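As structure tokens, the structure follows; a few thoughts come after it.
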Amino acid sequence: MNDLGFPILSLMLAVPMAAAIACLFVSANTARWLALIATLVDLALGIVLWMNFDIGGAQWQFVERAALFDRFSWALGIDGIALMLIMLSVFLMPICIGASWEAIQTRVGEYMAAFLLMEVLMIGVFAAQDIFLFYIFFEAGLIPMYLIIGIWGGANRIYASYKFFLYTLLGSVLMLIAMFWMVNEAGTSDIPTLMAYDFPLEAQSWLWLAFFASFAVKMPMWPVHTWLPDAHVQAPTAGSVILAGVLLKMGGYGFIRFSLPMFPDASVDYIWLVFALSMVAVVYTSLIALVQSDMKKLIAYSSVAHMAIVTVGLFAFNRQGLEGALVVMLSHGLVSGALFLCVGVIYDRLHTREIDRYGGLSINMPRYALLFLLFTMASIGLPGTSGFVGEFLSLVGVYEVSSWVAIVSTTGIILGAAYMLYLYRRVAYGVIKSDDVAAMPDLTKREIALLLPIAIVVLWMGVYPESFMAPMRKDVGALEARLASAKPVGDAQVKLGATPVLSPAAHAEEGHH
Amino acid sequence: MNYALWFQLASPEILLSASGLVVLLIAAWGGVQSLRLVSILTVTALFGALALSLNFLFDPAFAEGADAFYGQYRMDRFASLSKVLVFLSAIGCIIVAPKFFARGNMMRPEYPVLILFATIGMGLMVSAVDLLTLYIGLEMQSLAAYVLASFLRSDDRSAEAGLKYFVLGALASGILLFGMSLLYGFTGTTSFIGIQTAFGDGVSTGALFGIVFVLSGLAFKISAVPFHMWTPDVYEGAPTPVTTFFATAPKVAALALTMRVAIEAFGGQQAVWQQIVIFVALASIILGAAGAIGQTNIKRLLAYSSINNVGFMLIGLACGTPEGASAMMTYLIIYVAMTLGSFVCVLDLNDRNGAPVEDIGKLAGLSRTRPGLAAALAVFMFSLAGIPPLFGFWGKFVVFDAAVAAGLIPLAAIGIAASVIGAFYYLKVIKVMYFDEPADVIAPSDSPARMTLVLMTALFCSPLGYFATLALSPVTAGAAKALFWSA
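Those protein sequence lines, which keep their order, are chains A and B. When you line the first sequence up against the numbering used here, it's residues 1 to 513, in that order. When you line the second sequence up against the numbering used here, it's residues 1001 to 1487, in that order.
Spelled out as structure tokens, the structure:
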């Protein structure tokens, strides 16, 4: 149990679960309110969680354990990284419910139930402290998302839902086999213990690959990213928000929680693979994003590029890289979610995602244009927005390891500016081309209420990232210490006079001169 | 020699046999009017046998198990657990039948009687520790099953299913008997333990042929690839309550029998049969999954699904370890619940004239016309596909865990990757029910009994099932331990 005197993490899982079941049996409007209230209660609980999180205290807090099952237990607990990702999930959920308030008119109860179930599973993934419990939550997310895309999706929803399901399932199953092996070897399914266990070197390589298959698909990394544009385009707006905002983060979280601390040596061995795929992804998907005519597809490809910055940062093996990757994950969760909401706003009015159909929206929708601009800039990584902090740190981190990777990844930022500004110009600037566009009303109060909180947090994270980085600092430190023995020697070494702050390797070299 | 103890050990079968003779007489003289009485008596007898088996399963006095009738018959926890599953399935299949056969007025009191006799055969099968008991049990079950398959005498498909089942079943029995005769010839004994002892100094070529033939005959009975061809046709053609029966009780009995033969009789020569089992397991998983993709009839689809699931269970056997056997029993328990549930759902799919609907396309939009049934069927489908958090995942979990622990990592990796193929067709059913526009052919349910059964099995297959794992695992582990008593 914890200082609060009640099992807060289980409660955060129970509230949406109960609401999900209730939603199936009530009328459409009741379901909407029920879902909103449940997600807001969870947000409130999340804030309580954050307030009571002891920064710099024990690594695992709010730990709960109950031997409810055979071979694995109901073990929950969070560190700072999990805390931040849980906050992201509970913050986005009420917004998703709000975004579906009017857009979803059919089978509302089931829709809300699917979203609430999704929330349970997302929190479960980040809070699980048992490797099998994690797997169950991780995989179970496929079911509600499959239904969300398949029932409430666009014209080509069936294909997209199948592709999403089978792709991610195929990626994950081998991870389960690897988990069995690890638990047999280490004799425990407790994640913190496994994180400190040194697996034999020859096995690490296979285990790493099995986990990589899963997380690379989830992330998604090039070339297994192709399910993402399809899923995004076909999913309803809120589905895209949750997909981009939280589900993609599960891949990054998996790398941080499993691949890096459990197999540090294999992680170094395969650093070339991660870097190569990430570099291709940054450049290739950015170029693809440039030529998209569908807004959602463009943002989906930009997600792949941003996630590549995350993997590059994670595999930099240093504090800047790891913290940068985490901030990119949080920032991307907010910004891409907000961008999908922005697309949803105009889609609800004109029912098309064709970029060419729009134009000149800043004339008749000034408030919309302003918020859209803010999120566009945050996606590009303008200083002062959340995007800048994360991308800057990631790239600084990776520069220490490899100049080439840093250079190629940075072109992604430039290309990112190109496709996002190009998108913004086509949608918001220019003249209004048709009457139906001219007739589009500006943001309603509900829409402002959805976008404004995200805008505030984006700016907050951009101006004072310390609030978000402080809880994670100690955990990143622990991870860095775990990786220290395997750390690769970078190609950027301090040669002259300066204080040797970068890496122990650089320090050692300094000593020889 | 202790006849009292022997009769006590065999009490479930003795009770069933005695009641079987009584209900047979009632049915013969009472005619169609006696249907209700016969059904009630049969179910009561099965519940009695169930209680006796449960007692053996949990009574510490019988923890070690015991032989009866000069080493012909063995009562141990493994046999008792299998019998519990068999009896439960049989009860379910009797309860759901009358409504189905009421249409066309085809319900006869012979139905419960035949199920009862098949069940006695299955009880013998899982308790057999001698090739002869094995064969008698198997044939007793099979003969009843052939008749059951063609129970709808006037229906062409049913008659065809019965004939096919009989011809192929007879062939398989022949193969099995030939294998047994080879084993007897080369080892000089028909008892499992005797064969194991005889194999202590290695297996001669003739005996090896015997092993292969016996396993082939058994593979037919559990409808494992490459002896699976009869399954889709028989499952499709047989009346749905009978199909439900075929997919559950005899499957349990035949799998349990296969386990006992492999582990007790051929226990010392694991290397010999392990590769056969691995091949059969993988082939069943892959062909079962691939074959199901093109199916449009839900009963055929479930037939392929059962082939696929047998493949997963055989992975547990391939391990050749107590953990593997325990995993297989766990999977079997979950499989029975999933299969029983899905078939009862299928039984409840009737159009407005009361005619059964088997075409998957006609389930379109079922989630809107019959949300409860669609949700239950979705639970069974996701569960059969092994997607967490549904309980079907637990079966795959324990089986693959055992395979990894036994060092069969490539087998586990290929098997689990192939399970993704299977997920495709289960998703198809869910897609039709949830994503497509309602076709509105399915009428509301008229049977509370079916709905209760669906609800019970669906709750077991839902994530709530995990709360049963703590209670279930010691039972399956105890059953598995009983199998390895001689090792």
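All C-beta atoms in this analysis are idealised placements derived from N, C-alpha and C, irrespective of residue type, glycine included. What you are looking at is a predicted structure, and each value in this text was computed from that prediction instead of being measured.
Shown in chain order are the members of the segment 1414-1447 of chain B whose Cβ falls below 7 angstroms from a Cβ of chain A: 1416, 1417, 1419, 1420, 1423, 1424, 1427, 1431, 1434 and 1435. Of the candidates 132(A), 380(A) and 239(A), 132(A) places its Cα closest to the Cα of residue 1394(B). Using a Cβ distance threshold of 9 angstroms, residue 39(A) and residue 16(A) count as a contacting pair. Contact residues of the segment 68-100 of chain A toward chain B are 68, 69, 70 and 71 (C-beta to C-beta distance below 8 angstroms). Identification of residues in the segment 155-176 of chain A having a C-beta nearer than 9 angstroms to some C-beta of chain B yields 157, 158, 161, 162, 165, 166, 169, 170, 173, 174 and 176, given in sequence order. Cβ-Cβ separation between residue 374(A) and residue 241(A): approximately 17 angstroms, too far for a contact (criterion under 8 angstroms). Looking at the DSSP output, residue 1002(B) bridges to nothing. A contact is defined here as three or more CB-CB pairs under 8 angstroms, and the segment 1321-1330 of chain B fails this definition with respect to the segment 1224-1231 of chain B. Your pair residue 1422(B) and residue 1385(B) checks out as a contact, with CB atoms roughly 6 angstroms apart and the cut at 8 angstroms. Listed along chain A is no residue with a C-beta nearer than 8 angstroms to that of residue 1304(B); the closest approach is about 18 angstroms. For the pair of segments examined, the segment 66-77 of chain A was found to touch the segment 123-131 of chain A: the number of CB pairs separated by less than 8 angstroms reaches three.
Contact between residue 293(A) and residue 415(A) does not hold, since their C-beta atoms are separated by about 17 angstroms, which reaches or exceeds 8 angstroms. When Cβ-Cβ separations below 9 angstroms define contact, residue 1389(B) makes contact with chain A.
Against chain A, the beta carbon of residue 1404(B) has neighbours under 8 angstroms at 177, 180, 181 and 184, listed in chain order.
Within 8 angstroms of the CB of residue 135(A), the CB atoms of chain B belong to 1388, in sequence order along the chain. Contact with chain B is absent for residue 414(A), since none of that chain's Cβ atoms lies less than 9 angstroms from the residue's Cβ.
Secondary structure at residue 76(A): strand, using DSSP grouped into helix, strand and coil. Taking CB atoms only, residue 1301(B) has no neighbour in chain A less than 9 angstroms away. Proximity of chain B to residue 150(A) at the Cβ level (cut-off 7 angstroms) is accounted for by 1431, 1434 and 1435, in chain order. Here DSSP, grouped into helix, strand and coil, assigns residue 354(A) to strand.
Setting aside the 5 residues that flank it on each side, residue 1038(B) is surrounded in the same chain by 1023, 1026, 1027, 1030, 1109, 1112 and 1113, each with a C-beta closer than 8 angstroms to its C-beta; the list follows chain order.
For residue 1327(B), there are no neighbours in chain A by C-beta distance under 9 angstroms, as the nearest C-beta there is about 11 angstroms away. For residue 483(A) and residue 455(A), the gap between their C-alpha atoms comes out near 35 angstroms.
In this structure, the beta-carbon distance from residue 296(A) to residue 251(A) does not fall below 9 angstroms.
The DSSP-derived three-state label of residue 221(A) is coil. Distance check between residue 1290(B) and each of 1305(B), 1299(B) and 1279(B) places 1305(B) closest, using alpha-carbon atoms only. The Cβ atoms of residue 245(A) and residue 214(A) do not sit closer than 9 angstroms to each other.
Under the three-state reduction of DSSP, residue 1103(B) is assigned to coil, being neither helix nor strand.
Under the three-state reduction of DSSP output, residue 204(A) falls in the helix class.
The alpha carbon of residue 1204(B) has as its nearest neighbour, out of 1219(B), 1401(B) and 1269(B), the alpha carbon of 1269(B).
Counting C-beta atoms within 10 angstroms of its own C-beta, residue 1273(B) has 16 or more neighbours from the protein chains shown and is therefore classed as buried. Residue contact check for residue 202(A) against chain B: no CB pair falls below 9 angstroms. Between residue 1175(B) and residue 1214(B), the alpha-carbon positions lie close to 7 angstroms from each other. DSSP places residue 66(A) within a strand segment (E or B) once states are collapsed to three. When C-beta distances to chain A are compared with 7 angstroms, every residue of the segment 1121-1155 of chain B stays at or above that value. Rounded to whole angstroms, the separation of the alpha carbons of residue 1264(B) and residue 261(A) is 45 angstroms.
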